[in-house]
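According to our numbering, the residues represented by the sequence shown are 502 to 830, in order. Ideal placement from N, C-alpha and C gives every residue a C-beta, glycine not left out. All values derive from a computational prediction rather than experimental measurement.
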Amino acid sequence: MTLATGIGSMPGDDDRDYAEAVRVTLGELPHLAFVPELPGRGAIANMTGRALAVVDGLGVDLQPAGWRLTDASGVDHRRARSLLAQDLDQVEEQAQGYAGAFKAQVAGPWTLAATVEKPRGDRVLADHGARRELAQALAEGLRGHVADLRRRLPGARRLVVQVDEPMLPMVLAGAVPTASGFGRHRTVHPPEASAALEEVLGAIADAGAEPWVHSCAPGVPWGLVAGAGARGLSVDHSVLGAGDLDALAQALDGGLVVALGVVPSTDPASVPTDAVLIERVLRWLDMLGLDPAVVGERLVVTPSCGMAGASPEWSRQALSLSRDVAGHL
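Put into structure tokens, the structure is as follows:
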């Protein structure tokens, strides 16, 4: 059976919106629900703040320029951790009796390195030792995070942790701006990029969850990601190039999951029918030379990217449409 899920972010800016987002995901995605993220609540709830709430052993604080490593956790770091625990309480309460698979999301080591600052300014990406230390702290934090999710969701038949890496192509291309904006950080070479991902993905797998990697940016080296230990690749159909087809075909042939983002993630001018989206998926599978009946649960249908910019009505409809497309496939 082909499954459906969401990427992670949902619209909303307060606790009531979060409770509603949990209700929507559980109601629309009975086989692969996810822990919603509401970045509209501010820096402590955005992708970076959420991941730093998971990181173990490093102090961070929120500065005017963004998150920065510090000697001890600041008040905003403590607030981010408190909000994550509060949100997971909401998920636990509403997911009583849930028996499907469940997914959580966290920013990956390279996206964090490109968005978090060193104590004296500029990105962690500029310091080889600092970026290695940040990846190790994320890996250690994820071991505890997975254990917490297991405790809260005892009926979940399968636990997935999706590592979000929207900045990975820019990191590999040497395209991340320096703090001044006048320069670019040096290119990170593939072996080092793979090693950091391998550490984080390995920690997820060691803790008993299934590691996926998501990016809706073009130019992601999916072969490198799969080689680092990802068991699922979450992609935006609209940005895939001809060079991505071989890597994704090999992933599906090798037993990995591919989550294909085909449903618009923001309110479309014209709502696509499930028939149009099904045809889009079937054409893509045909290009890969794969039969949907053979692929089965290794193919997952999703929105194209996160839905923080969507209306509440469309976010619900997009998840429902994803589920319908998966069901027909």
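Is the region 668 to 683 close to the region 636 to 647, with three or more CB pairs under 8 Å?
no
In three-state terms, what does DSSP make of alanine 534?
strand
Quick check on this structure: which residue in Pro670, Leu553, Glu593 has the alpha carbon closest to the alpha carbon of glutamate 618?
Leu553
Measure the alpha-carbon distance for arginine 621 versus serine 816 and round it to whole angstroms.
40 Å
Closest by C-alpha distance to alanine 522, when choosing among Arg580, Ala809, Gly560
Ala809
What first and last residue would you give for the beta strand (DSSP E) that runs through valine 647?
That residue, valine 647, is in no beta strand (DSSP E); its alpha helix (DSSP H) goes 629 to 653.
Cβ shell of methionine 502 (< 7 Å), same chain only, five flanking positions each side left out
Gly797, Glu798
Leucine 698 and glycine 755 look like a contact to me (Cβ under 8 Å); what is the Cβ gap, rounded to whole Å?
About 17 Å; that fails the 8 Å criterion.
Using beta carbons (cut-off 8 Å, strictly below), is arginine 685 in contact with chain D?
The chain labelled as chain D is not found in the depicted structure, where only one protein chain is given.
Do the CB positions of leucine 533 and glycine 601 come within less than 8 Å of each other?
yes
Taking leucine 702 and alanine 729 to be in contact with their CB atoms under 8 Å, please state how far apart those CB atoms are, rounded to whole angstroms.
6 Å
Just confirm the distance between the C-beta atoms of glycine 560 and threonine 571, as a whole number of angstroms; I'd bet it's less than 8 Å.
5 Å
CB of leucine 654 within 8 Å of CB of phenylalanine 603, strictly:
yes
Through-space distance from methionine 668 to proline 531, alpha-carbon basis
31 Å
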